[in-house]
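Okay, structure first, notes after.
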Amino acid sequence: MSYLPYALAVWIFAVGLYGVVRSRNLVHLVVCLSVAQSSTYVLLLSIGYVNRGTAPIFADVPKGTRAVDPVVQALTLTDVVVSVTVAALLLALAIQAQRHADTTDPDELSEMHG
Amino acid sequence: MVLVPLVVAIPLVAAAALTAMGQFLGRRVDDLTGIAAAVATTVVSTMLLLRSLDHDLVYWFGGWRPRHGIALGIAFDVEPLSAGIAALAGALMTASFVFAWRYFDEVGTLFHVLMLVFLAAMNGFALSGDLFNMFVFFELMSVCAFALVGYAIEQRAPLQGAINFAVTNTVGALLLLFGIALVYGRTGALNLAQIGRALDGRPPDGLLVVAFALLLTGFLVKAGAVPFHFWLSDAYAAAPIPVCVVLSGVMSDLGLHAVARIYWPSFSGVFAADAGSLRAILVGSGVLTALVGGTMAFFQRDLKRLLAFVTIGHVGIFLAGIGLLTARALAGTTLYVLADGFVKGGLFLAVGILLRRARDGDELRLRGQGGVAPMAGVAFLLGGLGLAGLPPFGTFPGSALIIRSAGDVGYGWLPPLLAAASILTAGTVLRAGARIFLGLGDTDDPSLSHEPPAAEEEPAHVPGRVSPPLLFGPALALMVVGLGLAFTPGLAGRATQWAQRFEDRPAHTAELLRGVAPRPAGTPAFHPGAAPYVYGAISTVGAVGFAFFGLYRRRLPALLRRVPGRLTAGPAAQLKALHSGVVGDYVAWLTFGAAALGGLLALTVR
Chain X
1 MSYLPYALAV
11 WIFAVGLYGV
21 VRSRNLVHLV
31 VCLSVAQSST
41 YVLLLSIGYV
51 NRGTAPIFAD
61 VPKGTRAVDP
71 VVQALTLTDV
81 VVSVTVAALL
91 LALAIQAQRH
101 ADTTDPDELS
111 EMHG
Chain C
115 MVLVPLVVAI
125 PLVAAAALTA
135 MGQFLGRRVD
145 DLTGIAAAVA
155 TTVVSTMLLL
165 RSLDHDLVYW
175 FGGWRPRHGI
185 ALGIAFDVEP
195 LSAGIAALAG
205 ALMTASFVFA
215 WRYFDEVGTL
225 FHVLMLVFLA
235 AMNGFALSGD
245 LFNMFVFFEL
255 MSVCAFALVG
265 YAIEQRAPLQ
275 GAINFAVTNT
285 VGALLLLFGI
295 ALVYGRTGAL
305 NLAQIGRALD
315 GRPPDGLLVV
325 AFALLLTGFL
335 VKAGAVPFHF
345 WLSDAYAAAP
355 IPVCVVLSGV
365 MSDLGLHAVA
375 RIYWPSFSGV
385 FAADAGSLRA
395 ILVGSGVLTA
405 LVGGTMAFFQ
415 RDLKRLLAFV
425 TIGHVGIFLA
435 GIGLLTARAL
445 AGTTLYVLAD
455 GFVKGGLFLA
465 VGILLRRARD
475 GDELRLRGQG
485 GVAPMAGVAF
495 LLGGLGLAGL
505 PPFGTFPGSA
515 LIIRSAGDVG
525 YGWLPPLLAA
535 ASILTAGTVL
545 RAGARIFLGL
555 GDTDDPSLSH
565 EPPAAEEEPA
575 HVPGRVSPPL
585 LFGPALALMV
595 VGLGLAFTPG
605 LAGRATQWAQ
615 RFEDRPAHTA
625 ELLRGVAPRP
635 AGTPAFHPGA
645 APYVYGAIST
655 VGAVGFAFFG
665 LYRRRLPALL
675 RRVPGRLTAG
685 PAAQLKALHS
695 GVVGDYVAWL
705 TFGAAALGGL
715 LALTVR
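As given, the protein sequences belong to chains X and C, one line each in that order.
Take the first sequence: its letter number 72 is residue 72 in this note's numbering, and every next letter is one higher.
Here this note's numbering = 1-based position in the second sequence + 114.
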């Protein structure tokens, strides 16, 4: 198996992270964070991939059929749930920032410093 | 055995019940449910602690025990050190709920629900013996904490604190997950002991170094080690007081204990030859964290933010302690964490009493105003002395073990630096206490950070003359427990024995995967000797001196004041400017720190 999926995961992560660092809008920032998070799905799934493996469902297939690793798929599903929770929470915070502080720019929101 | 899952199940069930029925019941039912669940969880954790004294309690979920020495299921692995941290979480949560009874005028059911889920997640994280399970509890803990920090959502500061906290910790968790994925890809295992066995007998390679650096980064972000600490001061300064108690007392330290929990069972074999360089990296970043935290604490006037930087300073001390990679230092750090968690919790509650009674949390504006809450003053004094490590109270046995252990591995320069860090943190707390409750010191100090906005989360009604016992009771109780913990007979020796068991990888693996009971070990006696007493005395006297320096610095003779003042003004301003409050900067620092950590490991591990 090639290294391409791993390189892709790192690339997606780096792009998302760059967006998080440079973002001037909270909604944009949350989207960038979600992009970075999706890199972990690519990484996890490519780690469990087996060449010419089928889905890990062992009904109606002969014994010894090659299948991809079901553990990483479970991990990915858990990870999806986690990232949706975080994104939802952050978007709720972004709405409150617009409502109460009248800005969605994280730079303008910084009240505490030093 | 059946007790093990209860530490997670009790708070979760209570939280679910409150979610379902809380809106039909009164506020006091929420409070009572919270207190009852927290007390029950504390009792169960303490029972687990007492039952795991001689051997680990391993609980396999769903009865999926290992077959032929291969772990199939997911395990909770209870040993005394982790059970102690879980008990600390339960105790602090209990104190928070009792305090919240009178502290909040209005609070919704969701507050109690979030706190209980938070407690369940912390316990699960502390006891889990499985890498991915650790990640799940880590995220559950984080999400609850994000929401709790932003609880007072209609103000700017909690918004900023919660956003910075959520974004940086999510990036940290992503790096952690990357590390977990790489470890799984290499070993095909998620159980910590199983990972250790799969890595046996191979030299470390690039992939493993990267994976370990990523795991380390993820946990250190949660702990708040420099340069991953920026979110911590914003979040803790914005959170409601009952939340601060738990965040500062337990959550930061859980990140550090996770480092020990993954290192000893999984990586101590493969990195055995590189323990020296790993020790240097961990101790170095611990010392840096301790000094940065202590220095920044000195520049604060907002009491909550001040205590947040005190927390960072002590995280540094703990990181250096765990980083020494000896059983004695791990035991010492755990004892230190327990005592320090109670003391910091008591200090946050004392600030809460001030916020409630004087409706302000600013050191300078409160100067001489402490008469409204004399009990908070007592807590401040005890807390300051407790943080300094006054022998033989509180944190002293822990720091004595660390000091002796540093000598054992040739890090004799470490104890003076750690003493300096506790002089900075304890001295700053004593300074604030003296200014508020004794009216000492100047009314203004331009070198402190900008003036915080006036009372935010605080109640509108005029307080009566007497502090209700439900406010000062928890604060004093935490102080007494924290300072008195040191008098448990033979604690230092027993803790060292538990830590030796924790660090004995072959025996631990055999116990976990094959059910081989560990050989009963004799309890080593620990005699601290003279040096720890000397360091304890120096840091106590130094802290009192530093407090007076903070109060009367501007009355020093001009010659003493000007030259050092000019020399330090520039670096101090730069250090303060780094804590910009902007989340993008924090994530950039996080990336830099992760790269630096990975680079250092890659350069030194061979």
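In this text, a Cβ means the ideal position worked out from N, Cα and C, and glycines have one as well.
- Residue contact with chain X for residue 690 of chain C: present (Cβ-Cβ distance below 8 Å to some residue of chain X).
- As far as DSSP is concerned, residue 165 of chain C takes part in no beta bridge.
- For residue 49 of chain X, there is no enclosing beta strand (DSSP E), as DSSP marks it with neither H nor E.
- Per DSSP, residue 89 of chain X is one residue of the alpha helix (DSSP H) stretching across 70-96.
- Taking the C-beta atoms as reference points, residue 373 of chain C is found no nearer than 8 Å to residue 313 of chain C.
- Comparing C-alpha distances from residue 188 of chain C to each of C/197, C/196, C/177 shows the shortest one belongs to C/177.
- Just measuring C-alpha positions, the residue of C/511, C/363, C/306, C/328 sitting nearest residue 626 of chain C is C/306.
- DSSP places residue 190 of chain C inside the beta strand (DSSP E), whose first and last residues are 189-192.
- The DSSP assignment places complete alpha helix (DSSP H) segments of no fewer than 4 residues inside the stretch 625-682 of chain C at 644-666, in order along the chain.
- The straight-line gap separating the alpha-carbon atoms of residue 36 of chain X and residue 2 of chain X is approximately 22 Å.
- Residue contact check for residue 12 of chain X against chain C: no CB pair falls below 8 Å.
- Scanning the stretch 467-518 of chain C for uninterrupted alpha helix (DSSP H) segments of 4 residues or longer gives 488-502, listed from N- to C-terminal end.
- A contact is defined here as three or more CB-CB pairs under 8 Å, and the stretch 383-403 of chain C fails this definition with respect to the stretch 354-361 of chain C.
- Contacts with chain X at 8 Å (Cβ-Cβ) do not include residue 242 of chain C.
- Residue contact check for residue 654 of chain C against chain X: no CB pair falls below 8 Å.
- Between residue 90 of chain X and residue 30 of chain X, the CB-CB gap stays under 8 Å.
- Identification of chain X residues near residue 246 of chain C by a Cβ-Cβ cut-off of 8 Å yields 75, 78, ordered along the chain.
- Using a C-beta cut-off of 8 Å, the stretch 154-170 of chain C makes no contact with the stretch 211-223 of chain C, since fewer than three inter-stretch Cβ pairs fall below that distance.
- Burial state of residue 688 of chain C is exposed, judged by a 10 Å Cβ sphere holding fewer than 16 other Cβ atoms.
- Here the C-alpha atom of residue 561 of chain C lies approximately 10 Å from the C-alpha atom of residue 415 of chain C.
- Within chain C, no residue has its beta carbon less than 7 Å from that of residue 5 of chain X; the closest one is some 11 Å off.
- From the listed residues X/50, X/81, X/98, X/88, the smallest Cα separation to residue 66 of chain X is found for X/50.
- Counting only Cβ-Cβ distances below 8 Å, residue 56 of chain X has no contacts in chain C at all, with the closest Cβ about 15 Å away.
- In this structure, the straight-line span from the alpha carbon of residue 222 of chain C to that of residue 46 of chain X is close to 44 Å.
- When secondary structure is reduced to three states using DSSP, residue 298 of chain C falls in the helix class.
- Here residue 491 of chain C is buried. Its C-beta has 16 or more other C-beta atoms within 10 Å.
- Counting along the chain, residue 173 of chain C sits inside the beta strand (DSSP E) bounded by residues 171-174.
- According to the DSSP assignment, residue 236 of chain C belongs to the alpha helix (DSSP H) that extends over 223-241.
- In the structure shown, the three-state DSSP call for residue 67 of chain X is strand.
- In this structure residue 536 of chain C touches residue 431 of chain C by the C-beta definition: roughly 7 Å separates them, less than 8 Å.
- In chain order, 253 make up the part of chain C whose C-beta sits under 7 Å from the C-beta of residue 82 of chain X.
- At least one CB of chain X lies nearer than 8 Å to the CB of residue 348 of chain C.
- Around the C-beta of residue 175 of chain C, fewer than 16 other C-beta atoms lie within 10 Å, and the residue is accordingly described as exposed.
- Each of C/370, C/647, C/692 was checked against the Cα of residue 195 of chain C, and the nearest Cα belongs to C/370.
- The three-state reading of DSSP puts residue 305 of chain C in strand, counting E and B together.
- Apart from the 5 residues on each side of it in sequence, residue 637 of chain C sits with its Cβ closer than 8 Å to the Cβ of 604, 607, 608, 611 in its chain, given in chain order.
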